[in-house]
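To convert, count from 1 in the sequence shown and add 2; that's the numbering used here. Reviewing the structure listed below.
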Amino acid sequence: MTNARRRTRRLLAAALACAGLGGAAAPVQAATSSVSTNWAGYAATGKKFRHVSGTWVVPTVDCTSGSGYSAAWVGLGGFDETSQALEQTGTEADCDSTGRAHYSAWYELVPNPAVTVAMTVRPGDRVSASVDVVGTRVQLRLRNLTTGASFVKTARKSSPDTSSAEWIVEAPSSCDSAGSCRQLALGDFGTVAFTNASATSAAGHTGTITDPAWRHTRIELSPGQDPGPGRGFTRLSTGAGAVTSSVSATGRSFSITYHAGQ
Numbered sequence: 003m004t005n006a007r008r009r010t011r012r013l014l015a016a017a018l019a020c021a022g023l024g025g026a027a028a029p030v031q032a033a034t035s036s037v038s039t040n041w042a043g044y045a046a047t048g049k050k051f052r053h054v055s056g057t058w059v060v061p062t063v064d065c066t067s068g069s070g071y072s073a074a075w076v077g078l079g080g081f082d083e084t085s086q087a088l089e090q091t092g093t094e095a096d097c098d099s100t101g102r103a104h105y106s107a108w109y110e111l112v113p114n115p116a117v118t119v120a121m122t123v124r125p126g127d128r129v130s131a132s133v134d135v136v137g138t139r140v141q142l143r144l145r146n147l148t149t150g151a152s153f154v155k156t157a158r159k160s161s162p163d164t165s166s167a168e169w170i171v172e173a174p175s176s177c178d179s180a181g182s183c184r185q186l187a188l189g190d191f192g193t194v195a196f197t198n199a200s201a202t203s204a205a206g207h208t209g210t211i212t213d214p215a216w217r218h219t220r221i222e223l224s225p226g227q228d229p230g231p232g233r234g235f236t237r238l239s240t241g242a243g244a245v246t247s248s249v250s251a252t253g254r255s256f257s258i259t260y261h262a263g264q
């Protein structure tokens, strides 16, 4: 991964509210659904958040179709299409143009570019990640539960975004020095299963993805959708996408599966 690579806020294509029927309030709010050109997974909104965490297994990327890129991460902020900030950390599984697979760990404090972490990750490794924000202090943690390696980064950020918590697989973007970004083709990552998903509000309430204290949105990745003009991105008109499953009964786990383009 180069310094020009960036994880970015979602590029929203459409949002479909899955409204429940009238009557008594359900203990868990019904999920809304949205379609994004670069994110798949879940976002919690409706509160300010100070913590997000989750666990996943680094996937084996299939490079038989050539170059492709995928990033699995947890983060705070960036869900709103007008957001200018995002605090996140995760792993990447990429294929270069020669068909060689590359795996890495990273963190990013958008709008700054991603920073590669000096921690070896391999397909099959179980990784846990968390992001904590209190005021202007941001702490990012990654731990390879398979090898025991860990990474902690503490930084100051003048205006962090804590309006959402996310558990995401993303098609990353490549950006030039002028800030113009091009979305990269999504690599065939197979399936990524998030477990132990948790978030904590700024007020100190800790819950799962489906906790009734906030709203949760299921996000599907469909690169053929047009995010609209004037956002500084060149989108993919065709290509692969990703399908997000329902959240488990515990509210802590779900899976994201690669879907080949037509």
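In this text, a Cβ means the ideal position worked out from N, Cα and C, and glycines have one as well.
On the three-state DSSP scale, how would you describe residue i?
{"i": "Asp163", "result": "coil"}
{"i": "Pro229", "result": "No answer about Pro229 holds up, because its pLDDT of 45 lies below 50 and its placement is not dependable."}
{"i": "Gln86", "result": "coil"}
{"i": "Val123", "result": "coil"}
{"i": "Val249", "result": "coil"}
{"i": "Gly43", "result": "strand"}
{"i": "Ala242", "result": "coil"}
{"i": "Arg254", "result": "coil"}
{"i": "Ser38", "result": "strand"}
{"i": "Phe81", "result": "coil"}
{"i": "Leu23", "result": "With a pLDDT of only 25 at Leu23, under the threshold of 50, the placement of this residue in the model should not be trusted; the figure read from the coordinates follows. Looking at Leu23 - three-state DSSP - the assignment turns out to be coil, as it is neither helix nor strand."}
{"i": "Thr212", "result": "coil"}
{"i": "Val63", "result": "coil"}
Is the beta carbon of residue i sitting closer than 7 angstroms to the one on residue j?
{"i": "Ala204", "j": "Arg52", "result": "yes"}
{"i": "Thr93", "j": "Ala74", "result": "yes"}
{"i": "Arg254", "j": "Thr202", "result": "no"}
{"i": "Gln141", "j": "Asn40", "result": "no"}
{"i": "Leu78", "j": "Val154", "result": "no"}
{"i": "Asp127", "j": "Val171", "result": "no"}
{"i": "Ser166", "j": "Phe256", "result": "no"}
{"i": "Thr193", "j": "Ala42", "result": "no"}
{"i": "Ser250", "j": "Ser55", "result": "no"}
Can you check whether the C-beta of residue i is within less than 7 angstroms of a C-beta belonging to chain C?
{"i": "Ser255", "result": "Among the protein chains of the structure shown there is no chain C, as only one such chain exists."}
Which whole-angstrom value describes the C-beta separation of residue i and residue j, a residue pair presumed to lie in contact below a C-beta threshold of 8 angstroms?
{"i": "Thr219", "j": "Thr47", "result": "7 angstroms"}
{"i": "Glu168", "j": "Val76", "result": "7 angstroms"}
{"i": "Ala87", "j": "Thr122", "result": "That pair is no contact at about 29 angstroms."}
{"i": "Ala116", "j": "Trp108", "result": "5 angstroms"}
{"i": "Leu188", "j": "Ala131", "result": "Not a contact, Cβ separation roughly 20 angstroms."}
{"i": "Val63", "j": "Ala103", "result": "5 angstroms"}
{"i": "Phe191", "j": "Ser72", "result": "4 angstroms"}
Going by the DSSP bridge assignment, what does residue i pair with across the sheet?
{"i": "Asp96", "result": "Tyr71, His104"}
{"i": "Thr57", "result": "Ser130, Thr197"}
{"i": "Arg139", "result": "Val136, Arg158"}
{"i": "Thr259", "result": "Thr193, Val245"}
{"i": "Arg217", "result": "Thr47"}
With a floor of 3 residues, list each beta strand (DSSP E) that falls wholly inside the stretch 146-210, ordered by position along the chain.
152-158, 166-172, 175-177, 183-185, 193-203
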